[in-house]
Amino acid sequence: MFPIRRCNSFLSRIFLVLILLSTSIFLINGFTKYLHKTNSHQFVPVRDKLLKSYEIQHEHNYKKTHSVSRRELLNENTEPIIRTSTLERRDVLQEKNSSTLELIKIANRPVSIYVHFDLKGAAPKVSYFEELFPLLHKWGANGICMEYEDMFPFDGIVSNIRHKQAYTKNDIERINKLAKDNHLDVMPLLQTYGHLEFLLKLKEFSELRENPKYPQVITPCINKTYSILFAMIDQYLNLHPNMRLFHIGHDEVYYFLTNSACQEFQRLTGIQTQYDLFAYHLNIITNYIREKNSNISFFVWHDVLQNLNSITLQKYKLLDTINPVLWSYREDVHVEGFVIGPQSNVFGQFKSLWGASAFKGATDEVATISDVKHYYES
97 MFPIRRCNSF LSRIFLVLIL LSTSIFLING FTKYLHKTNS HQFVPVRDKL LKSYEIQHEH
157 NYKKTHSVSR RELLNENTEP IIRTSTLERR DVLQEKNSST LELIKIANRP VSIYVHFDLK
217 GAAPKVSYFE ELFPLLHKWG ANGICMEYED MFPFDGIVSN IRHKQAYTKN DIERINKLAK
277 DNHLDVMPLL QTYGHLEFLL KLKEFSELRE NPKYPQVITP CINKTYSILF AMIDQYLNLH
337 PNMRLFHIGH DEVYYFLTNS ACQEFQRLTG IQTQYDLFAY HLNIITNYIR EKNSNISFFV
397 WHDVLQNLNS ITLQKYKLLD TINPVLWSYR EDVHVEGFVI GPQSNVFGQF KSLWGASAFK
457 GATDEVATIS DVKHYYES
């Protein structure tokens, strides 16, 4: 009995395998014929339908997140802007065959235009600037803002933060000369509070982190902080002997008074709030640079600065010292929380205001390419 049962079982398995094999061959053959009959045009309607669905969803999300009602800016922070489209300006340039574009004006006063170069990650060769700077001048730029980070040729006690492919001192001198030859001012940008990852990521400087877990913000609670920052500042000043404008960063400072040394620091200084600490640190940096060069004008990002009240601004004499630079990734700045409401009262006290758009980066977490329209409107 057992041999017969085993034989029947074996034959059943073979029969099942043959059925599956013949079915697979049939499916493959049918699919192959379908492929030979298919071209890319057959998928166009499906693709268009998917894209349309995405656009509708994207527009819905955009409107949902930008539903804040628009209001007019307060008088102290706005003037009528003479707007000219890019195409109109190009046509004017071609008709007049001029080397420069007409100045942009606010309330009949010319506006200075500086091009910001964020050089971390993939800095161009100096030869690139040789071709670019003449174009910037032709297009109406008045200067350049150079944010070197670890591409600056640091030496001495901060030599280890220099990138292996950093510019040389000779490169910096060439960049400055190229700018001068093309009638462009040079505004160096050196972060001196937040966004010091290129410094604080190194083990030898990790003790200077405001929050030990994150290498973004340096702590004002340790004396060594100022030894390091002053060394960096000195080297910037030495390689920019004709500097008139100095951007010292101070944006996105997310951590305050969390370093273990801050408790003793607070006892000695009497500083209790994060914004007092911010103003205290900013005042030390500007005073140090002023002692080296009293003719330098300072620029500071606005996002933390806007939280300082009038008493704090006056206490540290910041109203006469710095120029706020309002920055945003958004297309429309006419919204509550940017320059409307309390912020307008703060910024209205300064002698001058600057604005900065943003052109690079992604617009959401899963983006694969930049939204050109978004950054154009920014």
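Counted from 1, the sequence shown has number 447 at position 351 by the working numbering; the numbering is strictly sequential. A virtual CB, placed ideally from N, CA and C, is assigned to each residue, including glycine. Keep in mind it's a predicted model, so treat the numbers as computed, not measured.
Inter-residue distance for PHE294 and TYR332 is about 16 angstroms (C-alpha atoms, whole angstroms). Judged by pairs of C-beta atoms under 8 angstroms, the segment 214-228 touches the segment 243-251, as three or more such pairs exist. Partner residues in the beta bridge of ALA452, as assigned by DSSP, are TRP423. According to the DSSP assignment, SER356 belongs to no beta strand (DSSP E), since it is labelled neither H nor E. In the three-state reduction of the DSSP assignment, VAL349 falls in the coil class, being assigned neither a helical nor a strand state. SER223 and GLN359 have their C-alpha atoms spaced approximately 50 angstroms apart. Uninterrupted beta strand (DSSP E) stretches at least 3 residues long and entirely within the segment 201-279 occur at 210-214, 239-243, given in chain order. Taking a cut-off of 8 angstroms for Cβ pairs, the segment 262-278 and the segment 299-317 do not touch, as fewer than three such pairs fall below it.
In the three-state reduction of the DSSP assignment, ASP281 falls in the strand class.
Listed in chain order, the non-local C-beta contacts of ILE385 below 7 angstroms within the same chain comprise ILE329, PHE342, ILE392, local neighbours out to five positions each way being set aside.
Taking the CA atoms as reference points, THR288 sits about 15 angstroms from LYS297. Note: LEU341 is bridge-paired with SER393 in the DSSP secondary-structure output. When rounded, the separation of the alpha-carbon atoms in THR369 and HIS291 is 21 angstroms.
Taking the C-beta atoms as reference points, ILE324 is found nearer than 8 angstroms to ILE253. In the DSSP assignment, ARG305 forms a beta bridge with ILE314. In the assembly as shown, GLY366 is an exposed residue. Its beta-carbon has fewer than 16 other beta-carbons within 10 Å.
When the five nearest sequence neighbours on each side are left out, the beta carbons in the same chain lying within less than 8 angstroms of the beta carbon of ASP267 are those of VAL222, PRO249, in order along the chain.
Just so you know, the alpha carbons of LYS388 and HIS346 end up roughly 20 angstroms apart. In this structure, DSSP gives ILE418 an extended state, which the three-state scheme calls strand.
A residue is called buried once 16 or more other Cβ atoms fall within 10 Å of its Cβ, and ARG305 is buried on that count. With 16 or more other Cβ atoms from the protein chains shown falling within 10 Å of its own Cβ, ASN355 counts as buried.
As the crow flies, the alpha-carbon of HIS430 is around 13 angstroms from that of LEU422. Within its own chain, the residues whose Cβ lies closer than 6 angstroms to the Cβ of ASN403, once the five positions on either side in sequence are excluded, are TYR371, listed in chain order. In this structure, HIS377 is the residue among HIS377, PRO337, GLY451 with its C-alpha nearest to the C-alpha of TYR322. For GLN439, the enclosing alpha helix (DSSP H) covers residues 438-443. Assigned with DSSP and collapsed to three states, HIS377 falls in helix.
Per DSSP, reduced to three states, the secondary structure at GLN362 is helical. In terms of Cβ geometry, VAL400 and VAL349 form a close pair [threshold 8 angstroms].
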